[in-house]
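Participant: The letter at position 268 of the sequence shown is residue 330 when you use the numbering used here, and the numbering goes up by one with no holes.
Submitted below is the structure of interest, expressed as structure tokens.
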Amino acid sequence: MRTLSVAAFTCLSLLSACGGSSAGASAPTTELGVAFALPRLLVLGVQSSRTMVAEGVWFATTQTGAGLIGQVTRTGTITVNGSGAAYEPTPTEKLVVRGLPEAHEFEAIQVMGNAQAADAQAWLSQPHHLSYTHRLAGLGELRIDEKFDGVQFLVTIRGHAMIGAQKYDLDLAVRGTTGGNSDSNGRESQTNHTITGSMRSDGTEIVVLEQHVVTFASAMSLRLLHSQRGWASQVRSAIGNSLRSRGAEWRFVDVVVETAAKEKGGQRTDELVSCTGKLVRDDRTIGPIEVRDGIASVTGDATVIPLQIPWAR
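Quick look at the structure:
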């Protein structure tokens, strides 16, 4: 690998957040936003994280020549800038990636897979086992373990994330299958997975149960003009998460979310297409969940609760 994909370096930056305002004295607004949105954001972040560490190890191994003798370089510093990337052999106990602009740290990296793969992306698309700790100062630390047999995958995510000043302890598992086909013109794939586990902070416990179907297609042939090349994805999510906070239990019931994203000619758009279901507190329905001003929200009798985490960068 000669260059690093800067677009891949977005993982724990997603966890930079601040507290939200209250939408009703009895509604834990920020906690409901975390329960609704954080599991999916974490999975997206882990997808970027695995790409980052795989490309980082591949780049470091190439720079040190370790691959020529059948070894892998897991330590050192990679500095990314507008002209590319540079490698330094220190530190010797972890791999650090700088210039994104945050400094990402990876420790205890374990890799097992096809050492003859053409590049890091090809390695990730083939059966492998990847395990490491990803740390971003002030934002979080995750231990990620991924096993992929070519069709089925299992990813465990353990550690913590800071949502504003609140620390959430995470214990999640992502199980699923993926398949598709690709050729010189592009790629098509479908991934089905579930997210289960828990997220806890002082006085708050979130039980996670989500199901997702992700459909992806790309047209990246060099025979196409830049304005014609691009990709599109659609995600359908069924959310059954519950939140215990302030002496009450809040449940997302029959919630289905559909989102879409596409990029063509370097221009990207993201859309929350639809959101249905309801929010229940103990045995009482608070209100339906719908899209309001582009945001998934609960519409109650006297208030509107936005189901989002107010990110701050």
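For glycine and all other residues, C-beta sits at the position ideal for the given N, C-alpha and C.
For residue 267 and residue 281, what's the separation of their Cα atoms in angstroms?
Facilitator: 43 Å
Participant: If you draw a straight line from the C-alpha of residue 111 to the C-alpha of residue 366, how long is it?
Facilitator: 34 Å
Participant: CA-CA distance, residue 178 and residue 185?
Facilitator: 8 Å
Participant: CB-CB under 8 Å to residue 215, same chain, minus the five flanking residues each way: which ones, in chain order?
Facilitator: Its chain contains 208, 209, 236, 237, 238, 239, 240, 255 as the residues whose beta carbon lies nearer than 8 Å to that of residue 215, once the 5 sequence neighbours on both sides are disregarded; these appear in chain order.
Participant: Quick check: what's the CA-CA separation for residue 92 versus residue 346?
Facilitator: Cα-Cα distance, rounded: 20 Å.
Participant: Let me know the secondary structure DSSP gives residue 267 once reduced to three states.
Facilitator: strand
Participant: When you compare the CB positions of residue 358 and residue 334, do they come within less than 8 Å of one another, or not?
Facilitator: A distance below 8 Å separates the beta carbons of residue 358 and residue 334.
Participant: Buried or exposed for residue 307, please, with buried defined as at least 16 other CB atoms from any protein chain shown within 10 angstroms of its CB.
Facilitator: buried
Participant: Buried or exposed, going by whether 16 or more other CB atoms sit within 10 Å of the CB of residue 191?
Facilitator: It is exposed - the Cβ of residue 191 has fewer than 16 other Cβ atoms within 10 Å.
Participant: If the criterion is Cβ atoms closer than 8 Å, does the pair residue 119 and residue 105 meet it?
Facilitator: no
Participant: For residue 187, report the span of its alpha helix (DSSP H) as first-last.
Facilitator: 182-187
Participant: Check each candidate in 212, 295, 166, 113 and name the one with the smallest Cα separation from residue 197.
Facilitator: Among 212, 295, 166, 113, the Cα nearest to that of residue 197 is on 166.
Participant: Any idea which residues DSSP pairs residue 278 with across the strands?
Facilitator: 251, 295
Participant: From the DSSP output, read off the bridge partner residues of residue 138.
Facilitator: 157
Participant: Based on Cα-Cα distance, which residue from 205, 316, 278, 211 lies nearest to residue 108?
Facilitator: Closest by alpha carbon: 205.
Participant: What separation, rounded to the nearest whole angstrom, lies between the Cα atoms of residue 324 and residue 99?
Facilitator: 20 Å
Participant: Between the C-alpha atoms of residue 371 and residue 96, what's the straight-line distance to the nearest angstrom?
Facilitator: 6 Å
Participant: Taking the runs of the alpha helix (DSSP H) that are 4 residues or longer, which of them lie wholly in the stretch 290-366?
Facilitator: none
Participant: Could you round the C-beta distance between residue 300 and residue 320 to whole angstroms and report it? I think they count as a contact, below 8 Å.
Facilitator: Residue 300 to residue 320, Cβ: 10 Å. No contact.
Participant: Excluding the five sequence neighbours on either side, which residues of its own chain have a C-beta within less than 7 Å of the C-beta of residue 137, listed in chain order?
Facilitator: Only residues of its own chain outside the window of five on either side were considered, and among them 153, 154, 155, 156, 157 have a CB closer than 7 Å to the CB of residue 137, listed in chain order.
Participant: Just reading off the alpha helix (DSSP H) that residue 111 is part of, what are its end residues?
Facilitator: 91-126
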